[in-house]
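Trainee: Could you have a look at this structure, given as structure tokens, before my questions?
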Amino acid sequence: MHLPTFLLTALVAPLVAGHPGHDHAKELGTRLEFLANNKNDLSHCAEKMRTRGLFAANAQRRSELAETILKKRGLEARAISDSHKSTASYTAQTELSTIFAGNSSCVLSPEQIEGPYYVSGERIRQDVTEDQDGVPLAVDIQVVDMDTCEPIPGAYLEIWHCNATGVYGGVVASGNGVGDQDKANLNNTWLRGVQKTDAHGAVQFHTIFPGHYIGRTTHIHVAVHLKAEPQANGTLLDTTAAHVGQMYFDQDLIAAVEKQAPYTANKQALTTNSQDFLLTAAGQTSDPVMEYVVLGKGVEDGLLAWLGFGVNTTLAREMSAAATIYESGGVANPNAEYYNV
């Protein structure tokens, strides 16, 4: 699949402000190449996954996660709100068959490049929050082999996202917070982490709901490393990925979170889902928007979100890291994209 140069330029122009120096044309090209060479949904996996008991296991896993969180906060299970993605009546017990059916809920995340703020060497851990304030968010992510429809156990799944005011930890660059004025940010590891998928190809993270920054809608980056070996200190330095993508949220949910502190302190212009070309393009062939429930009366009480997506296990490519974090601190990559402004 190929787009004329003039059309490619027109499509990515609105995103240039999102990551100064970031090659959006390259990202769009990567996405189009992926879509041209892969199935566009996972509906063919539904029956096999149901027969193997994966839907039931998924529902139980999410339910147990919700109950654990509510118990820690002294709330009853019935405190789960009926808030949810879109208009469907989903709860934490809803089967993931809604995700893998042959409709708009099908999930096969198109490939994207990792963006200019990826940092290698992050810790293997479940809770990536550290000292960051924001709406508590628990995420349940499952990866499935897009060809065999089998879950992928033993893979290392990595997430990273900005904080409530739109800043990524671990990177000092123009366009990221105050840039060079905060050189200590190079050593920050918050809102970044890695976990190994279980027998059902799933991981769970505890974090906060991401904030926003100019040019992009609210999102979480995700990468899947299939043959990685962790370091002795509990970190992962592997930069070879079988999948790199992004997970998104309903606009109504984003709006509700943005009314809470400290998100209200974020003065950057808000880009909505409908204004974000990457999400709009992804939505034509998949549904990378996370299902969710509110764990309480309002978003300030916390959220549980989940998503499953397909991975091409034959794919392996190198990710470009803006920096690498070692025990002694962060080291910037002088050849990273954001230096090529």
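All letters in the sequence shown, in the order written, are residues -18 to -1, 1 to 323 by mature numbering (1 follows the signal peptide of the UniProt record, and there is no 0).
Ideal Cβ placement from N, Cα and C applies to all residues, glycine included.
As the structure is a prediction and not an experimental result, all values here were calculated from the model.
Considering only residues of the stretch 170 to 251, which uninterrupted alpha helix (DSSP H) runs meet the minimum length of 4 residues and lie entirely inside it, listed in chain order?
Mentor: Those alpha helix (DSSP H) runs which fall completely within the stretch 170 to 251 and span 4+ residues are 233 to 240.
Trainee: Looking only at its own chain, which residues have a Cβ that is under 7 Å from the Cβ of Lys165, when we skip the five neighbours before and after it?
Mentor: Contacts found: Val154.
Trainee: Nearest by alpha-carbon distance to Ile134: which of Val126, Gln177 and Cys27 is it?
Mentor: Checked all of Val126, Gln177 and Cys27; the closest Cα to Ile134 is Val126.
Trainee: When DSSP labels each residue in this structure, what does Glu309 get in the three-state scheme?
Mentor: Note: Glu309 maps to coil in three-state DSSP.
Trainee: Report the three-state DSSP secondary structure of Arg13 (helix, strand or coil).
Mentor: Residue placement at Arg13 is poorly supported in this model, since its pLDDT is 48, which falls under 50; the coordinates still yield a value, given next. Here Arg13 sits in helix by DSSP.
Trainee: Determine which residues share a DSSP beta bridge with Leu139 and list them.
Mentor: For Leu139, which the question treats as bridged, DSSP gives the partners Gln177 and Val206.
Trainee: What residues are listed by DSSP as bridge partners for Gly116?
Mentor: Partner(s): none; Gly116 has no beta bridge.
Trainee: So what does Ser102 bridge to, in DSSP terms?
Mentor: Partner(s): Thr306.
Trainee: Around the Cβ of Pro316, are there at least 16 other Cβ atoms within 10 angstroms (buried) or fewer (exposed)?
Mentor: So Pro316 ends up on the exposed side.
Trainee: What residues match up with Tyr274 in a beta bridge as DSSP calls it?
Mentor: Note: Tyr274 sits in a beta bridge opposite Ala287.
Trainee: Quick one: what's got a C-beta closer than 8 Å to Asp113's C-beta in the same chain, skipping five residues either side?
Mentor: So the list reads Trp172, once near-sequence residues are dropped.
Trainee: Please identify the residue among Glu104, Ala41 and Tyr100 whose C-alpha is closest to the C-alpha of Ala214.
Mentor: Out of Glu104, Ala41 and Tyr100, Glu104 has the C-alpha closest to the C-alpha of Ala214.
Trainee: Return the chain-ordered list of same chain residues with a C-beta closer than 6 Å to the C-beta of Gln250, the five sequence neighbours on each side being excluded.
Mentor: Cβ neighbours of Gln250 beyond the five flanking positions: Gly148, Tyr195 and Ile196.
Trainee: Is it right to say Ser310 is buried, meaning 16 or more other beta carbons lie within 10 angstroms of its own, or is it exposed?
Mentor: Exposed, since its Cβ has fewer than 16 Cβ neighbours within 10 Å.
Trainee: With C-beta atoms as the reference, is Arg299 less than 8 Å away from Ala184?
Mentor: For Arg299 and Ala184, no; Cβs fall outside 8 Å.
Trainee: Do Gly157 and Leu168 have their CB atoms nearer than 8 Å?
Mentor: Cβ atoms of Gly157 and Leu168: not closer than 8 Å.
Trainee: What would DSSP say about Ile134, mapped onto helix, strand or coil?
Mentor: Looking at Ile134 - three-state DSSP - the assignment turns out to be coil, as it is neither helix nor strand.
Trainee: I'd like to know whether the C-beta atoms of Thr254 and Gln228 end up nearer to each other than 8 Å.
Mentor: Their beta carbons are not under 8 Å apart, which means Thr254 does not touch Gln228 by this criterion.
Trainee: What's the call for Thr200, buried or exposed, on a 16-neighbour Cβ count within 10 Å?
Mentor: Buried is the call here.
Trainee: Quick check: is any heavy atom of the ligand NAP less than 7 Å from the C-beta of Pro316?
Mentor: Absence of the ligand NAP from the depicted structure is noted, as is the absence of any ligand whatsoever, leaving it without description.
Trainee: Do Ala287 and Leu119 count as a contact pair if the criterion is CB distance below 8 Å?
Mentor: Against a cut-off of 8 Å, the Cβ pair of Ala287 and Leu119 comes out as a contact.
Trainee: Look at the alpha carbon of Ala41 and the alpha carbon of Arg32, and state the distance between them as a whole number of angstroms.
Mentor: Each residue's Cα considered, the two are about 12 Å apart.
Trainee: Taking C-beta to C-beta, are Phe187 and Leu285 nearer than 8 Å?
Mentor: No, they are not a contact pair.
Trainee: How would you call Ala238, buried or exposed, if buried means at least 16 neighbouring beta carbons within 10 angstroms?
Mentor: Burial call: buried.
Trainee: Which of the three DSSP states, helix, strand or coil, is assigned to Gln108?
Mentor: Of the three classes helix, strand and coil, the one that applies to Gln108 here is coil, per DSSP.
Trainee: Is the distance from the Cβ of Glu273 to the Cβ of Leu260 below 8 Å?
Mentor: Not a contact, by the Cβ cut-off of 8 Å.
Trainee: Going by CA-CA distance only, name the one from Leu36, Ala28 and Asp115 that's closest to Tyr245.
Mentor: Residue Asp115 is the option with its Cα nearest to Tyr245.
Trainee: Can you round the beta-carbon distance between Gly193 and Ala146 to whole angstroms, since I take them to be within the 8 Å contact cut?
Mentor: About 4 Å; that satisfies the 8 Å criterion.
Trainee: Identify whether Val149 lies in helix, strand or coil by the three-state DSSP scheme.
Mentor: Note: Val149 maps to coil in three-state DSSP.
Trainee: Can you say whether Thr262 is buried or exposed, counting buried as having 16 or more other CB atoms within 10 angstroms of its CB?
Mentor: By the neighbour-count rule (16 or more Cβ atoms within 10 Å), Thr262 is not buried but exposed.
Trainee: Compute the distance between the beta-carbons of Thr295 and Leu208, then report whether it is under 8 Å.
Mentor: Yes; because the gap between Cβ atoms is below 8 Å, this pair is in contact.
Trainee: For Thr111 and Lys30, what's the separation of their Cα atoms in angstroms?
Mentor: About 36 Å.
Trainee: Count the other CB atoms within 10 Å of the CB of Gly159; is the residue buried (16 or more) or exposed (fewer)?
Mentor: Under this definition Gly159 is a buried residue.
Trainee: Please identify the residue among Pro212, Val117 and Ala224 whose C-alpha is closest to the C-alpha of Thr189.
Mentor: For the residues Pro212, Val117 and Ala224, the minimum Cα distance to Thr189 belongs to Val117.
Trainee: On a CA-only basis, which of His225, Leu36, Asp109 and Glu49 is nearest Arg174? Give me that one, please.
Mentor: With distances taken between Cα atoms, Arg174 lies closest to Asp109.
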